[in-house]
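Numbering (the numbering used here), first residue to last: 37 to 285.
For each residue, glycine too, the CB sits at the ideal point set by N, CA and C.
What follows is a short report on a single structure.
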Ligand code: PGA
């Protein structure tokens, strides 16, 4: 079982999302074949574009989710979305703690943990992003950075909540650069994450410049439960190319 998770970030408003979904609909046979092989397509479009995925959701060909989620159900939180709102339009997951939220919007460890903890409930999955910057890596801090990003969350979750949690390792230096982390670096970082998790066994994704050329090698790594994909997820050919590459034997 592996997950291909598209993070569209602030790309594809309603018209573009509608066109994407219509085109992807022509690849239903491929999506079904992927599903049978245990490869599922998850999409996190801008919230305003989520409704265009309704048909594909109903056919269970994709899962759709939010790029972030608040810890409260409703209230005076301008610009935010709650799990209740996301669930109402069929979302079954949300990404939390993406490095762009951490670095561009000042979401610190305490806040992203609050976002995750409040939403680890049955029927809803949190994809919790962690990753070191190039400076932290150069200083040899990768292990401690990953541990710090995870420990406070892992100390607080119950076994039931753990079942709703996926970790995404996204080294900041590999995001949007066109240069994915080397296999050895992914395995090492996933090893640190596994150690930080202790007795809690969680699926771990990799994200950062994943595309049709490197996806097969990355998914073949024993620790990798899936990939989080930004730019290569923005075209149908990019997406189906990745699925085809991943299915190649
Ligand atoms: P990228 O983005 O695939 O464009 O590097 C990945 C991400 O930010 O999740």
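Under 8 Å between C-beta atoms of residue i and residue j
i           : j           : result
residue 67  : residue 262 : no
residue 145 : residue 188 : yes
residue 255 : residue 38  : yes
residue 223 : residue 186 : no
residue 211 : residue 176 : no
residue 108 : residue 266 : no
residue 271 : residue 63  : no
residue 225 : residue 178 : yes
residue 105 : residue 79  : no
Proximity test, residue i beta-carbon vs the ligand PGA heavy atom, cut-off 7 Å
i           : result
residue 246 : yes
residue 268 : yes
residue 43  : yes
residue 57  : no
residue 238 : no
residue 125 : no
residue 115 : no
residue 40  : no
residue 222 : no
residue 265 : yes
residue 84  : no
residue 212 : yes
residue 206 : yes
residue 176 : no
residue 142 : no
residue 243 : yes
C-alpha distance - residue i paired with residue j, whole-angstrom precision
i           : j           : result
residue 279 : residue 196 : 31 Å
residue 170 : residue 130 : 26 Å
residue 191 : residue 168 : 21 Å
residue 122 : residue 84  : 11 Å
residue 233 : residue 155 : 19 Å
residue 89  : residue 125 : 10 Å
residue 248 : residue 281 : 6 Å
residue 138 : residue 166 : 10 Å
residue 164 : residue 208 : 14 Å
residue 133 : residue 49  : 23 Å
residue 180 : residue 73  : 36 Å
Integer Cβ distance of residue i from residue j, believed to fall under 8 Å
i           : j           : result
residue 102 : residue 128 : In fact, because the Cβ distance is near 10 Å, the residues do not count as touching under 8 Å.
Proximity test, Cβ basis, 8 Å: residue i and chain C
i           : result
residue 139 : Structure shown: chain C not included; a single protein chain is present.
Buried or exposed by the 16-neighbour rule on C-beta atoms within 10 Å, applied to residue i
i           : result
residue 114 : exposed
residue 213 : exposed
residue 250 : buried
residue 193 : buried
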